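J.: First to last, the protein sequences are chains A and B. Under the numbering used here, the first sequence is numbered contiguously, ending at residue 302. Under the numbering used here, the second sequence is numbered contiguously, ending at residue 557. From the three backbone atoms N, C-alpha and C, an ideal C-beta is built for every residue, glycine too. Because the structure is a prediction, the values reported are computed rather than measured. One structure coming up, written as structure tokens, with questions to follow.
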Amino acid sequence: MADLRVNFCGVELKNPVTTASGTFGFGHEYGEFFDLSRLGGIGVKGLTPTERLGNPAPRIAETPAGILNCVGLQNPGIDRFIAEQIPFLRQYDTAIIANVSGNTVEEYEGMVEKISDADVDLIEMNISCPNVKCGGMAFGTQPAMVEEVVSAAKRKAKKPLIVKLSPNVTDITEIARAAVSAGADALSLINTLLGMRIDIETRKPILSNVMGGLSGPAVFPVAVRMVYQVRKAVSVPILGMGGIRTGRDIVEMLLAGADAVAMGTVMFADPTAPVKALAELEAWMDAHGVKSVRELSGAVEV
Amino acid sequence: MSIQEICRAASNTRLGEGLYQLVLDAPQIAAAAQCGQFVHIACGEGNLLRRPISICEAGEGRLRIVFQVKGSGTEWLADRKEGDTLDVLGPLGHGFDTAALGARPVLIGGGIGVPPMLQAAKCAKAAGAAPRAVLGFRNRGAVILEEDFRAVCETFVTTDDGSYARHGFVTDVLQELVADATGVAACGPKPMLKAIAAIAKQAGLPCQVSMEERMGCGIGACLVCACALKAENGETRYGHVCKDGPVFNAEEVEW
């Protein structure tokens, strides 16, 4: 049997498969389709200091092999997450990855400070949401801003801090280096790619917010490329995500340089995709004589 | 309870221009289904997202769905043949509460919003109520399920252009029926639902409406199918059509 365990920033994950923030709510819904304890970790819906209503509908548009979304970080706020959702998630034997956002540097600091004292395993700091007016991606696309917000947050962090990067930049390695030099313990990438669709009959954008974030299999090669580039640029662990569908995709993402992965949009097509992919990963490793998943990380031969 | 079931197509029948009826062998989903709920169907390799389709009838291990071809997903669905298998999630969402509609409910469907009202009519009748159905269509060619409704309850049909049955809108009929009605339920285009909600409100009747929105996961996780609702503090909040709906109390909806 292949060894699937991964040590991610000192947190022991039973396998490298986690769920991508924003696609999994707080786990209740998918828990009806599979045992959440099968997952290495759960990335929860992005949290903000207070409740956010999100954007009006339509919030989704289908694309060839993907979707655009503009949910706009609808969430109940960090306090209700801590009070109501952590006890639910702790019933399962899986790591909790709390995803946090803010509108200002001070809000990011406050979020990281508060979530550090809660019972979560990893903190994922989202500086890459394309669907909110303030904060979000605005923090994640300029190295100086990345340094400022990450170093401020890192000072308050008592848990490993993962910084989630935006692919909507010219050079992702520049942003990755800025995050790591400011103290990021790990990086997750990629968030969604900014996109747009137009209804040609009405000549209006399909999404209420005009533009939205592209995810799904369409973005997979972009994600693999960026993980590969970032792996060469920095040495912190990488949580690779973006369009992963199958066990073979997981192998590919690990080879590119990821230490663990997150699956998201594929679950909208098949709610049991993560457990199917895990079984495929195990079978692939057995068939190829790969004893530990850790052997695969960054093992691409160029 | 959400179930993922691989279902066999028992039949696929063309009902009219771009209108199809698919009967699926789906024992688990059919056993759990309530009126007003929907199924979320995977529509082939080229369509990443499933397509949400209302349940027209559920019973004896089978699901009957009636849908309109609107794009590549429903085109794929229309091409299914007897014996093909389909990957179906269901029964999903919050359906009609027919008990809350009283002994004399008026059940209204507009266009492709007609199918789910059939199970609602059957459910109300089984509970001892005497429902009446009002079905509105664009024109003669769009008329579906009329005989099925007539077999269950008193049924009124309208067409927008007068090419079949009564010339006019479902709201014209509703105005005539509200006097002795005890509740209203409806599925159809949003402007129709809005007009129905206004009539029901004026008549002091409980009103349930089945809403539609572009959907993602179908189970309440991705939060894309937002429906603007009135919050207790008077402000707007977003519920989700797939989980909180598709049926909402009309009073709750921010029209």
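Run through chain A and tell me which residues come within less than 8 Å of B/Glu515, C-beta to C-beta.
T.: Chain A residues near B/Glu515: Ala57 and Pro58.
J.: Compare the Cα-Cα distances from B/Thr387 to each of B/Gln306, B/Lys503 and B/Leu350 and report the closest residue.
T.: Per the Cα distances, B/Gln306.
J.: Give the DSSP bridge partners of B/Asp546, in chain order.
T.: None, per the DSSP bridge assignment.
J.: Which residues of chain B have a Cβ atom closer than 8 Å to the Cβ of A/Thr272, listed in chain order?
T.: Residues of chain B passing the Cβ test: Gln306.
J.: Which residue comes first and which comes last in the beta strand (DSSP E) that contains A/Leu239?
T.: That run of the beta strand (DSSP E) goes Ile238 to Met241.
J.: If contact means a Cβ-Cβ distance below 8 Å, which residues of the segment 88-102 of chain A contact chain B?
T.: Hits within the stretch: zero.
J.: How would you label B/Lys383, buried or exposed, when you count the other beta carbons within 10 angstroms and need 16 or more for buried?
T.: Exposed.
J.: Along chain D, in chain order, which residues have C-beta atoms closer than 8 Å to that of A/Asn69?
T.: Among the protein chains of the structure shown, namely A and B, there is no chain D.
J.: Count the other CB atoms, across all protein chains shown, that sit within 10 Å of the CB of A/Ser292; report buried if there are 16 or more and exposed otherwise.
T.: A/Ser292 is exposed by the Cβ-count criterion.
J.: Ignore the nearest five residues each way along the sequence and tell me which others in B/Ser313's own chain have a CB closer than 6 Å to its CB.
T.: Closer than 6 Å at the Cβ level, and outside the excluded window around B/Ser313, lie Val325 and Glu384.
J.: List, in order along the chain, the chain B residues whose C-beta lies closer than 8 Å to that of A/Phe268?
T.: The contacting residues are Leu350, Leu351, Arg352, Gly518, Cys519, Gly520 and Cys524.
J.: Run the CB neighbour count on B/Glu514, radius 10 Å, all protein chains shown included, and call it buried at 16 or more, exposed below.
T.: By the neighbour-count rule (16 or more Cβ atoms within 10 Å), B/Glu514 is buried.
J.: Among B/Gly520, B/Gly541 and B/Glu554, whose alpha-carbon lies nearest the alpha-carbon of B/Lys532?
T.: Taking only the C-alpha atoms, the option nearest B/Lys532 is B/Glu554.
J.: Would you check if the distance between the CB atom of A/Pro37 and the CB atom of A/Asp93 is smaller than 7 Å?
T.: Note that residue 37 of chain A is Ser in the sequence shown here, rather than Pro. Yes, Cβ-Cβ distance for A/Ser37 and A/Asp93 is below 7 Å.
J.: Quick one: which chain A residues come within Cβ less than 7 Å of B/Arg539?
T.: Chain A residues near B/Arg539: Leu53.
J.: Which chain A residues are close to B/Leu495, counting only those with a beta carbon under 8 Å from its beta carbon?
T.: The contacting residues do not exist; B/Leu495 stays about 15 Å from chain A at best.
J.: Relative to the C-alpha of A/Ala303, which residue among A/Ile123, A/Phe268, A/Ala57 and A/Ile244 is closest?
T.: One cannot answer for residue 303 of chain A here, as it falls past the ends of chain A, which runs 1 to 302.
J.: Applying the criterion that 16 or more other CB atoms from any shown protein chain within 10 Å of the CB defines a buried residue, is B/Arg366 buried or exposed?
T.: Buried, since its Cβ has 16 or more Cβ neighbours within 10 Å.
J.: Step through the CB atoms of chain B and report whether any lies within less than 7 Å of the CB of A/Gln142.
T.: Judged by the 7 Å Cβ criterion, A/Gln142 is not in contact with chain B.
J.: For A/Ala65, go through chain B and note every residue whose CB falls closer than 8 Å to its CB, in chain order.
T.: Chain B residues near A/Ala65: Leu350.
J.: If I follow the unbroken beta strand (DSSP E) through A/Ser188, where does it start and stop?
T.: Where A/Ser188 is concerned, the enclosing beta strand (DSSP E) stretches over Ala186 to Leu189.
J.: In angstroms with no decimal places, state the Cα-to-Cα distance between A/Ala279 and A/Gly240.
T.: Approximately 19 Å between the Cα atoms of the pair.
J.: Given B/Gln330, which residues of its chain have a CB within under 6 Å of its CB, disregarding the five upstream and five downstream residues?
T.: Correct list, in chain order: Ile305 and Glu307.
J.: Is the shortest distance between the beta-carbon of A/Thr23 and the beta-carbons of chain B less than 7 Å?
T.: So, interface residue.
J.: Look at A/Ala256 and A/Val300 and say whether their C-beta atoms are less than 7 Å apart.
T.: Taking 7 Å as the Cβ cut-off, A/Ala256 and A/Val300 qualify as a contacting pair.
J.: Among B/Cys345, B/Leu495 and B/Leu420, which one has its Cα closest to the Cα of B/Thr400?
T.: Of the candidates B/Cys345, B/Leu495 and B/Leu420, the one whose C-alpha sits nearest the C-alpha of B/Thr400 is B/Leu420.
J.: Interface residues of chain A around B/Cys309 at Cβ under 8 Å?
T.: Residues of chain A passing the Cβ test: none, with the nearest at roughly 15 Å.
J.: Which residues in the same chain have their Cβ closer than 6 Å to the Cβ of A/Leu281, if we skip the five residues on either side of it in sequence?
T.: The answer, listed in chain order, is Gly247 and Ile250.
J.: What are the residues in the segment 215-230 of chain A lying within 9 Å of chain B by C-beta distance?
T.: Result list: Gly216, Pro217 and Ala218.
J.: By Cβ distance, which residues of its chain are closer than 8 Å to B/Ala429, with the 5 residues on each side in sequence left out?
T.: Closer than 8 Å at the Cβ level, and outside the excluded window around B/Ala429, lie Thr400 and Ala401.
J.: Relative to the alpha-carbon of B/Cys529, which residue among B/Ala344, B/Ala380, B/Phe451 and B/Tyr540 has its alpha-carbon at the smallest distance?
T.: Checking every option, the nearest Cα to that of B/Cys529 belongs to B/Tyr540.
J.: My output table needs one value for B/Thr473: the three-state DSSP class, helix, strand or coil.
T.: In this structure, B/Thr473 counts as helix in the three-state DSSP scheme.
J.: Count the other CB atoms within 10 Å of the CB of A/Asn7; is the residue buried (16 or more) or exposed (fewer)?
T.: Counting Cβ neighbours within 10 Å, A/Asn7 comes out exposed, since fewer than 16 surround it.
J.: Between B/Gln339, B/Ser512 and B/Cys544, which lies nearest to B/Gly415 when the distance is taken from Cα to Cα?
T.: Among B/Gln339, B/Ser512 and B/Cys544, the Cα nearest to that of B/Gly415 is on B/Ser512.
J.: Run the CB neighbour count on A/Ala57, radius 10 Å, all protein chains shown included, and call it buried at 16 or more, exposed below.
T.: So A/Ala57 counts as buried.
J.: Shorter than 7 Å from the beta carbon of A/Glu107 to some beta carbon of chain B?
T.: By this cut-off, A/Glu107 is not an interface position.
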